[in-house]
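First up is the structure itself, then whatever we jot down about it.
Okay, structure coming up:
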C-alpha cells in the first residue's frame, strides 16, 4: 500500500491495487487453507444481491432450484471422456471417511454434470418430463496452482444451471437464452458491459458441443470471462444413459445445457468500477446504497443531530433504500468518509447542526459531486441519484471499453496493440487452431469469443489477421484473466 | 407403499410412511453417494422459504452473512480438545489435491468454529470490534453410519452463526436470544411447537460450556432436536488465541457463541404435519400456497376456463400469494388433485364452466373442508384461509404434543409411558450422569432438555424420578431421532 490513502494507484501496479481495494473494502481475506478465501460480510453482501437478481431471472424463465451432493464418485467423472480429461487434474479427492479408507475415492465437485445426470436418468422417462430446468447454488473446488481473491480460488461459490430438452433446437435456444440473461444481469445490475459470443474449440468446456461466454474488459485492458453457457448436445445424456420416450413413441437421448456464474463476478465488479480511492459499488448491488454521517461537536448537538439522522434513516429505509447510519462515537466524520469511500458506498449524506437549522443536508456521490439539498427532497433525490449513478457507471465502462477496442488492424498493428497492453482486438480468423496458438504464444492473447451478431464489426474482416487466408469468422482477441 | 393411495399409513409403519411422503411429494432422493441426498425442487423450495425467514430474523438482530472455507486443516480441529474428540471420528478427509498427496490432510467441515476463529483472531483487536456477529449458510459433512433423508445425512445444508463478545453475560444473552429466534421461527413459520431448554453435559456440543436446544415432538412420539445454540465461553478463544483490548485497557479472550439449524427442519415439518395422504405444508413455507386446477371436457370449454384460470392466477400472484396454475393437458382433474394433495399444497381452487357461469369457484383445504365461494372474493378468502390453516396447524400440533406429555409420574409410570411409546415425560432429576445413563439404557429415552422457565411444570418435582434423591432440575425425557 503506497500513497497516503493506503492504496497503490492503478497506474502503478494494477494487481496490487486490486488486492489493496479488497483489503480496504473488507471484501475478502486469504484463509489458512491454500487457495481458499474467506468472503467477508462486505463482499458477501454484494454476492447476496447478485444471487437475488440472478435467481429472480432464473425463476422467471422457468427454472427451479435443487441441491445435489458435494461428492462425486471418481468413476462418474470418468464416464464422459473429454470431461474427465479436463477436470481430473484439478480435483480434490476424499479418500477417508469416518476414520476408514474409502473403497472408491470421492471427488469434491469441480462442477456437477456427472452427479446431476445420475438423477436426470431417474427423473426423466418421457417427453412429458421435459424440459427439465434445474439450477443449483453451491460451492465447487478446483485445485488451482495460482490463485487470486475472487478471480481464481480453489473453492468458489457459484450457480450451475442444468437443463434437459427433447430437441437439439430447444437446447441451443436455452443456452442462448441463459447467455442473454447473464448479459442483461451484468449490464443492468453490475453496470459491466460485456460482449457475448462463441468460444473456439480450445476454450470450450470439457464435454460441451458449444460454449458461449460473456467477456468484460477490465481497467487494465485484460478480458474477464464473466459467465459461460454450454450446449452439451447429447454427450452427457449418452454417458449417463438419460433417455426419454418421445411424443412419437420412439426413444432418444435428451439434449442438454449447463451454465454458470461465480463469485468471480465480484472481481469483475471491482476491476470495472474501482478507482484509486477504493471500491465503487453499483447501486443495484451495493451493501449500503446510502450512508448517513452525523456531524456534531458538542454533546447538546449530538442528540439533536442523531435524532434527525435516525428519522432520515427510517424514511429512506421505508422508501426501499439500503441505508446505514454511522453513529459510531469516537470517530471523526472525516475518518468515516474515508472508510465509506473505500467501501464504495454510492451516496453519502452528511448532516450537522447548520444543515438542520437550514432544513438541508449535504449529498455526496462516490463518483464525484457534492451538493446541499432540501431535507424534504431527500428520498426523491436519493432515488434519482442512485439511478443516475447506475447509468453513469455503465456508460463510463462502455466508453472505456470502446476506447480500448481496435478494429480493422493490420497484422503489425494487431501485434503492437496487444503487446502494448491494448484491450479488445477485433480481427478476421481463418478458423485454424494453429493460427490461434501461434498468436497466443507470441502475444499472450487468446480469442475471447467469436462475437454474436450485434457485437460484430459493421464491415466484417475478409481475411485472417495472421495467415491472410479467408476469414471464417470475426474474432475478439485479448489477454485475459 | 401399501394402500390405494400408495402411502403406508402412519399407524402401520411410521418410518416407511416418512419415506413414502418424501417420494410422493418429490422432496428428496438418495444419491449414488453413500448417505448423501439430492434435495429435489419441491424440498428445496421449502428450504428457500426457511432460509428467507431465518435470514431476515438474523439480520434484524444485527448479524451479517459471510463465507468461510469448506476445508479445515486437520491440525486446526485438534486445537480444542473436546471438539476434536467429538468430531474427528465422523469426518471426511481430503488427502489428494491437484493430483498430488497433500502435506497436511484437509477435513471437510463438520462445523466451522475452528476455521472461523482463525479469522476472528485477525479481525478482532479491540472492544470496538465487538460484538462480532457472523452467520454462514453452507454445506457440512459428518460421516454418519445410518442415514435418513433430511434427518441424518452425511452432507447437509445449514446455517451456523458465530459470534464473539466482550463479556460472558453478552455471550449468554446472545445464545439465549438465538434460541428464542429459532423457537419463534418454528412456531410462526413451521407451525411446529417446541420446548426450549438446556442440554445436559452428555448431550452438550463438543467444546461448549452450555448448549440450549429446541425440541419438537413428532407424530410417532419421538423427539426431534430442531436447532441448538451454544455458549462457548472462552474455550475456542483460548484455543485460537482470540484476544482483544478491553475498554479499560486490559487484554482478554473473547466470549463466544455458535448456533445452527439445518435441512433436518424439513424432516421435522414432514413428521409434524404430514398425514396418510402425504405432505401437509404450512402456508408460510409451502412452495405453492394455492394450486388452480381448471376443469373442462370439450375444446370450447377449455379456452374459456383457462382464460379465467389465468386471470385468477394473475390476481392471486399480484396479491402476493404463491400460486400455480396446473394447466397440463392429458391429465384428469382427479389425478391433479391427487398429486397436489401428496405435495401438501394448502389450498386448491377448482374452476369449471359451471363455476364460471355462476361467478364462483370451489375452494378446497388440504387439511379438510371444501366450499364454493364467489369468484370476486377469491383473493380475500385465500388470505384468510391461509392464515387460518397456519394457525390451525400449530394448534393441532400443540394439542397433540400436550396429549402426549406426562407430568407427575411415578417411576413405574415413567418407565411404562416411555416403553409404551409415549411422548415427553416431565420429571425430577438428581443431576447425576448415572441416573441419566441408566434410564437411557433401560428405556432408550434421553433427557431432551432441562426446560426453560415457561415450559416447567406448575409444581416442580422435588425428587429424582429414578433414585429418589432431591431433584436439582426438572427434565424432559423422550426417545429421540
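Protein chains in written order, with the numbering used here: chain A, 1 to 481; chain B, 1001 to 1481. Using N, Cα and C, we set each Cβ at its ideal position, and we do this for glycine too.
- Annotation for residue 159 of chain A: no alpha helix (DSSP H) segment contains it, though the beta strand (DSSP E) segment containing it runs 155–165.
- Sequence-distant Cβ neighbours of residue 1394 of chain B in its own chain, meaning closer than 7 angstroms and more than five residues away, are 1187, 1191, 1193.
- The DSSP-derived three-state label of residue 138 of chain A is strand.
- In the three-state reduction of the DSSP assignment, residue 1465 of chain B falls in the coil class.
- Linking residue 125 of chain A to residue 115 of chain A through their CA atoms gives a straight-line distance of about 18 angstroms.
- For the C-beta of residue 1118 of chain B, the chain A residues within less than 8 angstroms are, from N- to C-terminus, 31, 32.
- Interface annotation, residue 1139 of chain B: in contact with chain A, CB-CB separation under 8 angstroms.
- For residue 1143 of chain B, the nearest CB of chain A lies under 8 angstroms from its own CB, placing it at the interface with that chain.
- Contact annotation: the segment 1061–1081 of chain B does not touch the segment 77–87 of chain A, with fewer than three C-beta pairs closer than 8 angstroms.
- Here the alpha carbons of residue 29 of chain A and residue 270 of chain A stand approximately 15 angstroms from one another.
- In the structure shown, the three-state DSSP call for residue 1193 of chain B is coil.
- At a C-beta separation below 9 angstroms, residue 1209 of chain B has no neighbours in chain A, since its nearest C-beta there lies roughly 25 angstroms away.
- CA-CA distance, residue 1217 of chain B to residue 1341 of chain B, rounds to 24 angstroms.
- In the structure shown, residue 1132 of chain B falls within a strand segment according to DSSP collapsed to helix, strand and coil.
- What residue 1044 of chain B touches in chain A, judged by beta-carbon distance under 8 angstroms, is 64, 65, 66, 67, going in chain order.
- Put simply, the backbone Cα of residue 1023 of chain B is about 14 angstroms away from that of residue 1280 of chain B.
- Where residue 348 of chain A is concerned, the enclosing beta strand (DSSP E) starts and stops at 347–351.
- Contacts with chain A at 8 angstroms (Cβ-Cβ) do not include residue 1150 of chain B.
- When the Cα atoms are used, residue 1334 of chain B and residue 282 of chain A turn out to be separated by approximately 51 angstroms.
- Taking 8 angstroms as the CB threshold, residue 1171 of chain B stays off the interface with chain A.
- Interface annotation, residue 51 of chain A: not in contact with chain B, CB-CB separation never under 8 angstroms.
- Each of B:1357, B:1351, B:1360, B:1391 was checked against the Cα of residue 1367 of chain B, and the nearest Cα belongs to B:1391.
- Short of 6 angstroms from the beta carbon of residue 253 of chain A, and not among the five residues preceding or following it, lie these beta carbons of its own chain, in chain order: 234, 237, 238, 243.
- DSSP places residue 1428 of chain B inside the beta strand (DSSP E), whose first and last residues are 1424–1429.
- Beta bridge pairing from DSSP links residue 122 of chain A with no other residue.
- With its beta carbon less than 8 angstroms from one in chain B, residue 71 of chain A belongs to the interface.
- Excluding its 5 nearest sequence neighbours in each direction, residue 1323 of chain B has C-beta neighbours in its own chain below 6 angstroms: 1290, 1313, 1316, 1317, listed in chain order.
- Among the residues of chain A, those whose CB is under 8 angstroms from the CB of residue 1106 of chain B are 33, 92, following chain order.
- Of all residues in the segment 219–231 of chain A, none is placed with a Cβ closer than 7 angstroms to any Cβ belonging to chain B.
- Residue-level contact check: residue 279 of chain A does not touch chain B, since none of the beta carbons of chain B fall below 8 angstroms from its beta carbon.
- Between residue 197 of chain A and residue 455 of chain A the beta-carbon gap is near 6 angstroms, inside 8 angstroms, which marks them as a contact.
- Ranking B:1293, B:1426, B:1304 by CA distance to the CA of residue 1331 of chain B puts B:1293 first.
- The beta carbons of residue 42 of chain A and residue 27 of chain A sit about 5 angstroms from each other, so the pair counts as a contact at 8 angstroms.
- Following the DSSP letters along the chain, one finds residue 1084 of chain B inside the alpha helix (DSSP H) bounded by residues 1081–1087.
- By the CB criterion at 8 angstroms, residue 1255 of chain B and residue 1173 of chain B fall outside the cutoff.
- Boundaries of the beta strand (DSSP E) around residue 245 of chain A: 243–245.
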